[in-house]
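Chemist: Residue numbers (the numbering used here): 3 to 388. Every residue, glycine too, gets a C-beta built ideally from N, C-alpha and C. All of these numbers come straight from a predicted model, not from anything done at the bench.
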Ligand code: GLA
């Protein structure tokens, strides 16, 4: 599904499928991370924003413990599950996300009833834009309201993280759901992942004559795969050897000392996280003082660090970044977990077409699948639509 279904159309379809009107319709966005990659599970800093691509759920609670779910984007047909005795690892594809949050809420002693759910989403799947968290955040917003649990955003963030980590089995941090739940129109979410403190930072590329292009390389990634987990393990090893709770506690001034203590690979992993945290802080400061037109060099440096030190890029992402830079973007980097997914390129409005054309051409010449290129702006976080 790539175009959003209208709220009333979704509600009408729900009625057709389940024979009664939904209790409501909720939506939650995907995210783009401006900067701060693989810093969240190191208790560091991130600067993502919610995008104008969303998952929507029409949901009605039931008076038993059965879950029935259907998506507009196909796959798996009508999925039925039983909430009592739900075990981590249950479900397939997108159905793991609603089940995961129901399980995580129950685990927090929320009395979650069965429900009927119709899901729609225009967040591209597997593009590194957090399509899974968009689904989880829409569902958890609905269940939080309909059960009367009234959990605060910080608690919903932790519940969705548990759904991902334990139920789905992806060892991810808290960035994506924080952006989806706490994002706001025109603002990036500066999040301290140690205490979940959020500051909204205005990010208005257009006012600076810029657009933020997303280049979906079509190389699909999976966080449940080994690459993400092994990076996380390296960071934990580095923190342990350096005697800190998390790499957040290591400043750039300790890198020289670290080089005498860590093996070569661990040092590079640590160096990425430590310098990336520093780049997030610099980006926030520059956005406040000089605006988006001055953050290009930080985006570039972030990409180089992910490519060479953290080694989570891939040829398609590198080509997207290099080509957009040569064609006029003022800064570019891969965004998200890596090993595929999307790159972002901050581009002067007048150069946008040139960058798009150059990237499409370079992909064709390299024999890569044609990328999908679109612009994003910071949009509202999760909310009820009807
Ligand atoms: C994925 C994870 C996030 C974060 C990023 C990398 O999107 O879900 O928690 O770790 O990768 O910054």
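Quick one: using the 10 Å Cβ neighbour count with 16 as the cut-off for buried, is residue 208 buried or exposed?
Modeler: Taking the first residue of the chain shown as 1, we reach residue 208 at position 206. So residue 208 counts as exposed.
Chemist: Taking only runs that begin and end inside the segment 14-95, name each unbroken alpha helix (DSSP H) of 4 or more residues, in chain order.
Modeler: Fully enclosed alpha helix (DSSP H) runs of 4 or longer: not present.
Chemist: Would you call the segment 199-218 and the segment 233-242 in contact, with 3 or more CB pairs under 8 Å?
Modeler: Counting Cβ pairs under 8 Å, fewer than three are found: no touch.
Chemist: Counting along the chain, where does the beta strand (DSSP E) carrying residue 333 start and finish?
Modeler: Walking along the chain shown from the start, residue 333 turns up at place 331. 333-337 is the span of the beta strand (DSSP E), which, as asked, contains residue 333.
Chemist: Check residue 223 in the structure and name its three-state DSSP category.
Modeler: Translated into the one-based positions of the chain shown, residue 223 becomes position 221. The answer is coil: DSSP assigns residue 223 none of H, G, I, E or B.
Chemist: Consult DSSP for residue 235 and reduce its assignment to one of helix, strand or coil.
Modeler: Position 233 of the chain shown holds residue 235. In this structure, residue 235 counts as helix in the three-state DSSP scheme.
Chemist: Would you report the Cα separation of residue 355 and residue 214, rounded to the nearest angstrom?
Modeler: Taking the chain shown and counting its residues from 1, one reaches residue 355 at position 353. Taking the chain shown and counting its residues from 1, one reaches residue 214 at position 212. When rounded, the distance between both Cα atoms is 12 Å.
Chemist: Suppose only complete runs of 4+ residues qualify. What are the alpha helix (DSSP H) ranges in the segment 335-386, listed by chain order?
Modeler: Qualifying alpha helix (DSSP H) stretches, in chain order: 354-368.
Chemist: In or out: residue 318 buried (at least 16 other Cβ within 10 Å) or exposed?
Modeler: Working through the chain shown from its first residue, we reach residue 318 at position 316. Buried, since its Cβ has 16 or more Cβ neighbours within 10 Å.
Chemist: Between 120, 119, 103, which has its C-alpha nearest residue 112's C-alpha?
Modeler: On the chain shown, position 110 is the one that residue 112 refers to. Nearest C-alpha to residue 112: 103.
Chemist: Which term fits residue 371, buried or exposed, when burial requires 16 or more other beta carbons within 10 angstroms of its beta carbon?
Modeler: Start at 1 with the first residue of the chain shown, and residue 371 comes out as number 369. Exposed.
Chemist: With C-beta atoms as the reference, is residue 138 less than 8 Å away from residue 198?
Modeler: As a first step, residue 138 is located in the chain shown; it is residue number 136 there, counting from the start. As a first step, residue 198 is located in the chain shown; it is residue number 196 there, counting from the start. No, they are not a contact pair.
Chemist: By Cβ distance below 7 Å, which residues in the same chain neighbour residue 92 in space, the five residues on each side in sequence not counted?
Modeler: Along the chain shown, read from residue 1 onward, the residue named residue 92 stands at position 90. Around residue 92: 83, 101.
Chemist: Three-state secondary structure (DSSP) at residue 97?
Modeler: Working through the chain shown from its first residue, we reach residue 97 at position 95. Three-state DSSP puts residue 97 in a helix.
Chemist: Helix or strand or just coil, what does DSSP make of residue 109?
Modeler: Numbered from its first residue, the chain shown carries residue 109 at position 107. Reduced to three states, the DSSP call for residue 109 is helix.
Chemist: Can you have a look at residue 227 and say buried or exposed, based on whether 16 or more other CB atoms are within 10 angstroms of its CB?
Modeler: The residue you call residue 227 lines up with position 225 of the chain shown. Answer is exposed; the Cβ neighbour count stays below 16.
Chemist: Let me know the beta strand (DSSP E) ranges lying completely inside the segment 118-167, each 3 residues or longer, listed in chain order.
Modeler: Fully enclosed beta strand (DSSP E) runs of 3 or longer: not present.
Chemist: Under a Cβ-count criterion, where at least 16 other Cβ atoms within 10 Å of its own Cβ denotes burial, should residue 366 be classed as buried or exposed?
Modeler: Working through the chain shown from its first residue, we reach residue 366 at position 364. Looking at its Cβ environment, which holds fewer than 16 other Cβ atoms inside 10 Å, residue 366 is exposed.
Chemist: Is residue 156 near ligand 1, with its Cβ less than 7 Å from a heavy atom?
Modeler: In the chain shown, the residue the question calls residue 156 occupies position 154. Residue 156: no, Cβ never under 7 Å from ligand 1.
Chemist: Taking a cut-off of 5 Å, which residues have a beta-carbon closer than that to any heavy atom of ligand 1, in chain order?
Modeler: Listed along the chain, these residues meet the criterion: 39, 40, 42, 174, 175, 177, 178, 338, 339.
Chemist: On a Cα-Cα basis, can you pick out the residue from 52, 29, 81, 40 that is closest to residue 20?
Modeler: By 1-based counting over the chain shown, the position of residue 20 is 18. Among 52, 29, 81, 40, the Cα nearest to that of residue 20 is on 81.
Chemist: Please name the residue in 182, 183, 202 whose C-alpha comes closest to that of residue 190.
Modeler: Taking the first residue of the chain shown as position 1, residue 190 is located at position 188. Nearest of 182, 183, 202 to residue 190, Cα basis: 202.
Chemist: For residue 342 and residue 155, I'd like the C-alpha separation in whole angstroms.
Modeler: In the chain shown, counting from the first residue as 1, residue 342 sits at position 340. In the chain shown, counting from the first residue as 1, residue 155 sits at position 153. Rounded to the nearest angstrom, the two C-alpha atoms are 29 Å apart.
Chemist: Return the CA-CA distance between residue 361 and residue 51, expressed in angstroms with no decimal places.
Modeler: Counting from one through the chain shown, the residue named residue 361 turns up at place 359. Counting from one through the chain shown, the residue named residue 51 turns up at place 49. Answer to the nearest angstrom: the Cα atoms are 24 Å apart.
Chemist: Compute the beta-carbon to beta-carbon distance between residue 278 and residue 261, rounded to the nearest angstrom, for a pair I have assumed lies under 8 Å.
Modeler: For the purposes of this step, residue 278 is identified with residue 276 of the chain shown, where counting begins at 1. For the purposes of this step, residue 261 is identified with residue 259 of the chain shown, where counting begins at 1. Wrong, their Cβ atoms sit about 17 Å apart, outside the cutoff.
Chemist: Quick test of the definition: if touching needs 3 or more C-beta pairs under 8 Å, does the segment 12-27 touch the segment 124-133?
Modeler: With a cut-off of 8 Å, the segment 124-133 and the segment 12-27 do not count as touching, because too few Cβ pairs lie within range.
Chemist: If you follow the beta strand (DSSP E) that residue 189 is in, where does it begin and where does it stop?
Modeler: The residue you call residue 189 lines up with position 187 of the chain shown. Note, residue 189: beta strand (DSSP E), 189-194.
Chemist: Is it buried or exposed, residue 86, if we count other Cβ atoms within 10 angstroms and call 16 or more buried?
Modeler: Position 84 of the chain shown, counted from the start, is the residue given in the question as residue 86. Per the 10 Å Cβ criterion, exposed.
Chemist: Do you know how far the Cα of residue 108 is from the Cα of residue 269?
Modeler: Mapped onto the chain shown, residue 269 falls at position 267. Mapped onto the chain shown, residue 108 falls at position 106. Computed Cα separation, rounded: 40 Å.
Chemist: Let me know if residue 58 comes out buried or exposed under the rule of 16 or more other beta-carbons within 10 Å of its beta-carbon.
Modeler: Counted from its first residue, the chain shown places residue 58 at position 56. So residue 58 counts as buried.
Chemist: What did DSSP end up calling residue 317 once you bin it into helix, strand or coil?
Modeler: Sequence index remark: in the chain shown, residue 317 carries index 315 (1-based). DSSP places residue 317 in helix when its eight states are reduced to three.
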